[in-house]
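Novice: I have a structure here, written as structure tokens, and I will follow up with some questions on it.
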Amino acid sequence: MNRRALLAAAAALPLAGCTARPAAASDALQLSYGDDESQIAELHLPPGTARVPTAVVIHGGFWQSAYGMSLATPLAADLAQYGIAGYAIEYRRVGNGGGWPTTFEDVAAAIDALADQPRIDLTRVIAIGHSAGGQLALWAASRPSPRVRLRGAVSQAGVLDLAAAYRQQVGGSAVQEFLGGTPEAHPDRYADASPLQRLPLKVPVALIHGNRDAAVPLIQSQTYLAAARTAGDTVTMTELPHVGHFELIDPHNAAWTTCRTQATRLLT
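So the sequence shown is numbered by numbering that gives the first Met the number 0: it starts at 0 and just counts up by one.
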């Protein structure tokens with residue numbers, strides 16, 4: 000699936016140290032974790048005043064600026080209805096200052112900013128990411144010395160082996176553009192960015208992938224599953240029959256219910 004087709008499919012979905020800005024109509028807390036217009040996030044909190052577990056929701060779109068946080072906010076809002084704070088983050092992407100290393104810096108800063116939110120139970124924070132967001136979620140779960148440590152991650156059809164994704168032209172030239180070159184030119188970048196090459200992550204991971212995914216091949220998750228188990232990590236995989244790429248981020252689809260269930264499991 001090329002980028003134009005991917006964008007059209009995404010648009011067709013029924014998707015509805017931080018400085019706080021006025022809340023939006025959805026009652027989500029609008030946050031800024033930096034000065035760039037893309038360094039923003041939305042925190043959807045369940046009702047009440049108690050501390051709550053949190054899922055950082057990281058959108059996909061092959062790290063390209065054509066795709067944004069609007070893909071993540073419906074999922075974050077849905078999580079809040081089930082007692083989980085949904086934290087949808089934006090970040091600089093290829094085309095608006097992102098790529099290596101700024102996208103990684105933004106994801107790290109956005110997650111660490113949760114430490115300033117009084118209702119967040121910092122012992123129960125995970126990440127859930129779709130497609131390219133799956134790569135970022137698993138990367139974030141394994142980064143050293145974070146201010147906010149993730150206790151697990153959910154990959155929704157994640158791009159988890161970047162060298163293989165480059166060879167298979169997953170997203171066309173997206174991987175090369177994201178990391179600024181080929182695996183041969185920048186082996187250190189691929190080693191640092193690719194969840195497969197960061198094993199063991201030493202946190203539980205749930206993989207969810209549809210067997211009819213035309214954007215990110217199922218073998219991405221299958222290869223990661225085998226390698227993670229060999230490395231000693233705790234990892235599960237749910238292969239969804241007759242499911243493509245975007246059902247996983249449709250809050251009205253049973254595929255998303257599976258993702259939410261796995262997120263809840265990791266938080267309990």
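Here a beta-carbon is modelled for each residue, glycine too, at the ideal position from N, C-alpha and C.
Checking 8 Å against the spacing of the C-beta atoms, do P216 and Q155 come in under that value?
Specialist: No; because the gap between Cβ atoms is not below 8 Å, this pair is not in contact.
Novice: Taking just the CA atoms, how far does L239 sit from A109?
Specialist: Distance between the alpha carbons of A109 and L239: 31 Å.
Novice: Does the Cβ of D34 have 16 or more other Cβ atoms within 10 Å, making it buried, or fewer, making it exposed?
Specialist: Looking at its Cβ environment, which holds fewer than 16 other Cβ atoms inside 10 Å, D34 is exposed.
Novice: Tell me which residues share the same chain as Q175 and place their Cβ nearer than 8 Å to its Cβ, disregarding the 5 neighbours each side in the sequence.
Specialist: Closer than 8 Å at the Cβ level, and outside the excluded window around Q175, lie Y165, T181.
Novice: Taking the DSSP output, what are the residues bridged to T237?
Specialist: DSSP, once it has assigned bridges, lists I207 as partnering T237.
Novice: Using C-beta distances below 7 Å, list every residue in its chain close to P250, excluding the 5 sequence neighbours before and after it, in chain order.
Specialist: Excluding sequence neighbours, P250 sits near P73, L74, D77.
Novice: Near V147, what residues of its chain come up, given a Cβ to Cβ distance below 7 Å and the 5 sequence neighbours on each side ignored?
Specialist: Excluding positions up to five away in sequence, the list reads I110, D111, L113, A114, L121, V124.
Novice: Count the other CB atoms within 10 Å of the CB of P194; is the residue buried (16 or more) or exposed (fewer)?
Specialist: Per the 10 Å Cβ criterion, buried.
Novice: With contact counted as at least three CB pairs below 8 Å, one residue from each stretch, are the stretch 81 to 88 and the stretch 42 to 55 in contact?
Specialist: Yes, the stretch 81 to 88 is in contact with the stretch 42 to 55.
Novice: Between Q219 and the rest of its own chain, which residues show a CB-CB distance below 8 Å, the 5 nearest in sequence each way excluded?
Specialist: These residues qualify, in order along the chain: A156, G157, V158, L159, D160, A163, A164, V169, H208.
Novice: Spell out the partners DSSP gives S220 in its beta bridges.
Specialist: Looking at the DSSP assignment, S220 forms no beta bridge with any residue, so it has no partner.
Novice: Applying the criterion that 16 or more other CB atoms from any shown protein chain within 10 Å of the CB defines a buried residue, is R92 buried or exposed?
Specialist: It counts as buried.
Novice: Per the DSSP calculation, I125 is bridged to which residue(s)?
Specialist: Per DSSP, A54.
Novice: Helix, strand or coil for S31? Go by DSSP, reduced to three states.
Specialist: Three-state DSSP puts S31 in a strand.
Novice: Please tell me whether V202 and A227 are closer than 8 Å, where the distance is taken between their beta carbons.
Specialist: Taking 8 Å as the Cβ cut-off, V202 and A227 do not qualify as a contacting pair.
Novice: Need the endpoints of the beta strand (DSSP E) that Y86 sits in, please.
Specialist: Start and end: 84 to 88.
Novice: Strictly by DSSP, which residues pair up with H43?
Specialist: Paired residues: G85.
Novice: Using the rule of at least 16 other Cβ atoms within 10 Å of the residue's Cβ for burial, across every protein chain shown, is E41 buried or exposed?
Specialist: E41 should be labelled buried.
Novice: Does R259 pass the burial test, meaning 16 or more other C-beta atoms within 10 Å, or should it be called exposed?
Specialist: By the neighbour-count rule (16 or more Cβ atoms within 10 Å), R259 is buried.
Novice: Please classify A254 as buried or exposed, where buried requires at least 16 neighbouring CB atoms within 10 angstroms.
Specialist: Answer is buried; the Cβ neighbour count reaches 16.
Novice: With distances taken from CA atoms, which of R118, V106, L266, G243 is nearest A192?
Specialist: It is V106.
Novice: Compare the C-alpha of P143 against each of L206, R264, L200 and name the closest.
Specialist: Nearest of L206, R264, L200 to P143, Cα basis: L200.
Novice: Can you tell me which of the three DSSP states S154 falls into?
Specialist: Strand.
Novice: Give the DSSP-derived three-state secondary structure of V215 in the structure shown.
Specialist: In this structure, V215 counts as coil in the three-state DSSP scheme.
Novice: Buried or exposed for A262, going by 16 or more other Cβ atoms inside 10 Å?
Specialist: Looking at its Cβ environment, which holds 16 or more other Cβ atoms inside 10 Å, A262 is buried.
Novice: Kindly indicate which three-state DSSP category Q63 falls into: helix, strand or coil?
Specialist: Note: Q63 maps to strand in three-state DSSP.
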